[in-house]
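Residue numbers (our numbering), protein chains in the order written: chain A, 1 to 478; chain B, 479 to 956. Step one of this worksheet: look at the structure below.
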């Protein structure tokens with residue numbers, strides 16, 4: 001038995017959601033804490049989940065013509081400072097390299113908190129003609145931001161992400177790119193991670209440092225708090241002007257190109273945990289689960305059981321299903337709990353009686369429902385069950401989002417809802433930053449986004465009562 | 479036209495190989511220099527090459543049961559110092575982070591030059607029983623080593639790599655792992671990169687800091703110099719003892735596990751360039767080329783030409799070939815030179831006359847040979863040609879290696895060969911470090927490895943004339 005026994009219970013999620021989260025992250029072997037304060041180790045199971053997310057995103061990026069590149073890890077201080085708003089946003093939270101080997105560096109270098117400045121420097125070198133555009137780049141890497149408080153996946157001093165950076169001939173094309181990439185993120189969440197999103201634009205206060213507009217997909221967690229799922233930024237030609245990026249346009253005139261960037265991080269894994277998890281642990285959507293089916297031999301010392309289990313694995317594997325068999329010397333009960341904790345969507349039990357009846361038993365992780373499956377229908381029924389689980393997880397999360405999104409007309413209503421029920425609040429907003437501030441100070445909520453899908457809630461700002469044309473979704477965010 | 483025109487000639491490789499290399503790296507759009515001194519930008523074409531290398535390696539790693547993880551980017555100084563030999567090897571060349579945000583750190587952190595110490599710290603946390611073994615981990619990431627002189631791919635202050643780290647119940651199992659992974663590297667080189675290797679073990683002097691034994695695959699470049707292609711290290715239980723990693727063995731006794739690590743880097747791309755390239759630029763092995771076939775429409779303004787080109791692309795794509803069509807407004811001649819520079823293995827030309835004859839023309843990048851292909855045999859013939867190119871590139875490199883590997887019995891013979899012909903020299907060695915030093919000082923060669931395949935060259939050390947049982951391959955290395 002390992003140090004990491006699975007006999008201890010995890011904290012009840014309805015009693016202490018934060019502690020439940022930490023327990024799941026440890027017990028499902030996703031994360032280990034490292035001696036480097038604020039940095040986490042992504043163990044194989046978490047990394048496999050990230051690889052599946054990467055594979056879907058990378059495929060979608062490439063289908064839209066994007067190419068991957070690798071930029072330097074370190075940024076000279078003078079380069080970071082070239083765009084005023086950007087440096088103000090990031091300089092306070094970067095890590096500084098001051099020595100290389102035994103020598104002090106002539107100029108200190110920061111570990112990239114994001115790579116806009118590096119991409120801009122590169123583009124200033126290589127961009128020449130409208131023929132070179134668009135440049136559709138993406139980078140898979142890690143970035144460092146010196147956070148004071150950290151939590152596995154949700155906030156770390158280092159996190160893995162992808163950062164897309166693109167350069168376009170026209171503003172219109174860049175704006176379209178920004179929306180297209182937001183839609184890629186929405187597809188990832190809704191179709192693969194079974195997480196419904198609210199799509200919209202951030203307010204001025206919440207937008208990215210240096211951007212003209214920041215678009216976002218927002219998720220609601222099981223505890224009704226918001227998690228920002230991914231953002232896509234439109235920069236106009238602001239960075240291009242700051243970095244002197246120009247090209248000869250179709251009339252042979254020197255022109256500034258228009259720019260975007262967009263990113264999604266390993267935070268997403270935190271989102272999966274907090275959206276689908278329950279008191280038995282993780283609960284993974286089949287399309288993204290590292291192991292979709294775990295075969296458990298019952299009474300495995302009996303003749304023929306292990307062989308039959310192998311046969312099932314081979315059949316499922318041949319059908320394109322990610323399947324494993326747990327042949328360890330633990331008891332079936334131990335194994336059931338272990339793979340429930342790890343959120344494996346489907347468990348398939350096979351024992352002597354099953355073999356006699358030419359069947360196996362499938363148990364769903366999401367509902368606990370058990371069903372006998374005739375072995376000659378194995379692949380078809382398992383595939384159908386995995387699809388059912390995927391849809392069912394999405395529907396449950398969608399219901400959580402819908403039932404916990406409520407309209408409010410006044411600040412008092414906002415306060416009442418957030419105190420008594422939590423969740424998302426739809427309220428009108430005049431566009432003033434002081435009203436946003438007021439919502440935060442008095443009700444403890446921040447603007448998550450101005451959703452693309454506006455509803456008719458009223459025509460007065462919930463905070464100041466003045467005329468308001470925009471409906472904002474407010475909430476308490478991770 | 480871009481700043482990067484393709485009309486200028488590149489330096490003749492036989493006149494100045496180093497300058498030829500730099501020219502190719504720039505002109506084939508593999509690398510851009512960044513403002514972060516000693517750090518390089520891997521442009522899309524280079525990164526696509528790396529992705530293809532990654533895909534093959536990652537598949538082979540996983541087939542052997544390895545799992546990917548993500549470890550922290552930064553290592554506390556005290557952790558780096560836990561294994562004496564290791565810290566001595568790496569501390570002089572690491573980059574130090576001293577500040578996070580505006581605060582000075584209580585302990586400085588180095589950017590990982592390699593991650594043995596981090597893996598060991600993690601294993602000390604999580605390893606408990608023999609049931610947990612083996613732990614077969616790999617990480618894809620970048621590392622930083624503060625080099626004084628740098629060259630694209632070959633030596634940079636940052637490079638991309640994979641680092642495998644494994645922990646085993648027995649020494650025998652760990653030793654087997656070390657050799658298995660060396661064989662994976664050999665397969666990558668020989669079967670995918672068309673680069674023959676010399677497999678062997680490093681001398682004490684050349685082995686990895688902290689290892690008991692370092693195994694290596696060595697390649698010979700076009701200029702007959704050596705490039706270390708990948709290394710695999712056996713650590714015994716040295717790190718385990720230094721970091722207090724123990725497990726309960728099958729007799730329930732606390733025991734130290736045995737450890738390995740192994741890595742391959744983006745240096746490999748430099749090796750591909752210097753093995754296969756010629757005076758027209760890059761020359762990529764089809765199995766690893768980002769674009770295997772470039773279709774060039776001839777007289778593309780004539781009716782039906784672009785449509786036919788699209789048809790060819792669709793057919794080749796459906797046959798699983800990585801194919802693109804260059805429809806830019808450049809001349810065919812410009813396009814020929816451009817895609818030769820980028821080393822695309824096969825060019826397919828299609829013009830009005832070809833369409834009339836229901837054929838296209840295929841031109842091999844490696845030999846320049848042109849051949850008409852009937853369109854109804856397109857996929858079959860293209861596939862066969864790509865295979866021919868792959869084999870032909872390997873055979874050419876193999877011939878270069880064989881013809882430039884020469885035996886020597888004395889130091890004078892070594893000096894004569896290395897001065898007049900270069901290449902690899904096979905010479906006996908007594909095992910003394912002073913003789914290795916002498917070879918370096920007097921002949922300018924280092925020991926590349928003690929090859930697994932030993933030859934009977936003699937029984938006296940070439941350096942000192944004493945009794946010698948080991949044949950070493952010597953050379954001038956990158």
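The C-beta atom is built at its ideal place from N, Cα and C for all residues, glycine as well.
Range covered by the beta strand (DSSP E) that runs through residue i
i	result
residue 232(A)	226 to 236
residue 213(A)	213 to 220
residue 510(B)	509 to 511
residue 645(B)	636 to 646
residue 100(A)	95 to 100
residue 471(A)	470 to 475
CA-to-CA distance, residue j to residue i, given in whole angstroms
i	j	result
residue 826(B)	residue 122(A)	32 Å
residue 6(A)	residue 330(A)	Its pLDDT being 49, under 50, residue 6(A) is placed unreliably in this model, and the coordinates cannot settle the point.
residue 429(A)	residue 201(A)	14 Å
residue 495(B)	residue 757(B)	10 Å
residue 551(B)	residue 157(A)	10 Å
residue 225(A)	residue 99(A)	42 Å
residue 931(B)	residue 660(B)	15 Å
residue 612(B)	residue 645(B)	5 Å
residue 315(A)	residue 288(A)	20 Å
residue 750(B)	residue 904(B)	24 Å
residue 90(A)	residue 77(A)	11 Å
residue 24(A)	residue 282(A)	7 Å
residue 653(B)	residue 741(B)	16 Å
residue 101(A)	residue 75(A)	18 Å
residue 416(A)	residue 407(A)	12 Å
residue 4(A)	residue 359(A)	Residue confidence for residue 4(A) is low, a pLDDT of 43 falling below 50, so the modelled location carries little weight; the figure read from the coordinates is stated next. Looking at the two C-alpha atoms, the distance is approximately 34 Å.
Residue interval of the alpha helix (DSSP H) (run including residue i)
i	result
residue 848(B)	Counting along the chain, residue 848(B) falls outside any alpha helix (DSSP H), though it belongs to the beta strand (DSSP E) covering 848 to 852.
residue 182(A)	171 to 187
Where residue i meets chain A, residues with beta-carbon distance less than 8 Å
i	result
residue 512(B)	71, 72, 118, 121 and 122
residue 517(B)	72, 73 and 74
Interface partners of residue i on chain A, CB under 9 Å
i	result
residue 491(B)	Under the 9 Å cutoff, chain A gives no residues; its nearest Cβ is about 25 Å from residue 491(B).
residue 591(B)	Neighbours of residue 591(B) on chain A: none; closest Cβ ~10 Å, over 9 Å.
residue 761(B)	Simply none; closest approach about 22 Å.
residue 638(B)	70
residue 504(B)	Under the 9 Å cutoff, chain A gives no residues; its nearest Cβ is about 10 Å from residue 504(B).
Residue i: contacting residues in chain A (beta-carbon distance under 7 Å)
i	result
residue 520(B)	69 and 70
residue 633(B)	By Cβ distance, chain A contributes nothing, its closest Cβ being about 14 Å from residue 633(B), past 7 Å.
residue 557(B)	35
residue 800(B)	Residues of chain A passing the Cβ test: none, with the nearest at roughly 12 Å.
residue 825(B)	None at all; the shortest Cβ gap to chain A is about 21 Å.
Chain B contact residues for residue i, given Cβ-Cβ distances below 7 Å
i	result
residue 448(A)	Under the 7 Å cutoff, chain B gives no residues; its nearest Cβ is about 26 Å from residue 448(A).
residue 109(A)	514
residue 125(A)	510
residue 51(A)	546
Beta-carbon neighbours of residue i, restricted to chain E and to distances below 9 Å
i	result
residue 387(A)	The structure shown contains no chain E; the protein chains it does contain are A and B.
Under 8 Å by beta carbon: chain B residues contacting residue i
i	result
residue 48(A)	545 and 546
The ligand NAP heavy atom lying under 6 Å from the CB of residue i
i	result
residue 67(A)	Among the ligands in the structure shown, none appear at all, so the ligand NAP cannot be discussed.
Chain B contact residues for residue i, given Cβ-Cβ distances below 9 Å
i	result
residue 250(A)	Going along chain B, no residue has its Cβ under 9 Å from residue 250(A), so there is no contact; the nearest lies around 12 Å.
residue 365(A)	The contacting residues do not exist; residue 365(A) stays about 21 Å from chain B at best.
At a CB distance below 8 Å, what residues from the segment 196 to 227 of chain A approach chain B? Give them in sequence order.
So nothing in the stretch comes that close.
Along the segment 737 to 750 of chain B, what residues have a CB closer than 9 Å to any CB found in chain A?
Residues passing the 9 Å Cβ filter: 744.
Which runs of the alpha helix (DSSP H) spanning at least 4 residues fall entirely within the segment 722 to 776 of chain B, listed in chain order?
Here the runs fully enclosed are 745 to 754.
Interface residues of the segment 92 to 103 of chain A facing chain B [CB-CB below 9 Å]:
So the list reads 92, 93, 94, 95, 96, 97, 98, 99, 100, 101, 102 and 103, given in the order they occur along the chain.
Quick one, which residues of the segment 611 to 630 of chain B are near chain A if we go by CB-CB under 8 Å, in chain order?
Within the segment 611 to 630 of chain B, the qualifying residues are 615, 619, 620, 622 and 624.
Which ranges would you report for the beta strand (DSSP E) in the segment 130 to 155 of chain A if only whole runs of at least 3 residues count?
Annotation note: the segment 130 to 155 of chain A contains the following uninterrupted beta strand (DSSP E) runs of length 3 or greater, listed N- to C-terminal: 135 to 144.
Where in the segment 491 to 549 of chain B do unbroken runs of the beta strand (DSSP E), each at least 3 residues long, occur, reported from the N-terminal end onward?
Counting only runs of 3 or more, we get 509 to 511 and 518 to 520.
Residues of the segment 807 to 821 of chain B whose Cβ lies closer than 7 Å to any Cβ of chain A, in chain order
Here the close residues number zero.
Complete alpha helix (DSSP H) runs within the segment 784 to 871 of chain B (minimum length 4 residues, chain order)
810 to 819 and 830 to 834, all fully within the segment 784 to 871 of chain B.
Residues of the segment 752 to 777 of chain B whose Cβ lies closer than 8 Å to any Cβ of chain A, in chain order:
Contact residues of the segment 752 to 777 of chain B toward chain A are absent (C-beta to C-beta distance below 8 Å).
4 or more residues per run - each alpha helix (DSSP H) lying fully within the segment 862 to 926 of chain B:
Runs of the alpha helix (DSSP H) inside the segment 862 to 926 of chain B: 889 to 898 and 911 to 916.
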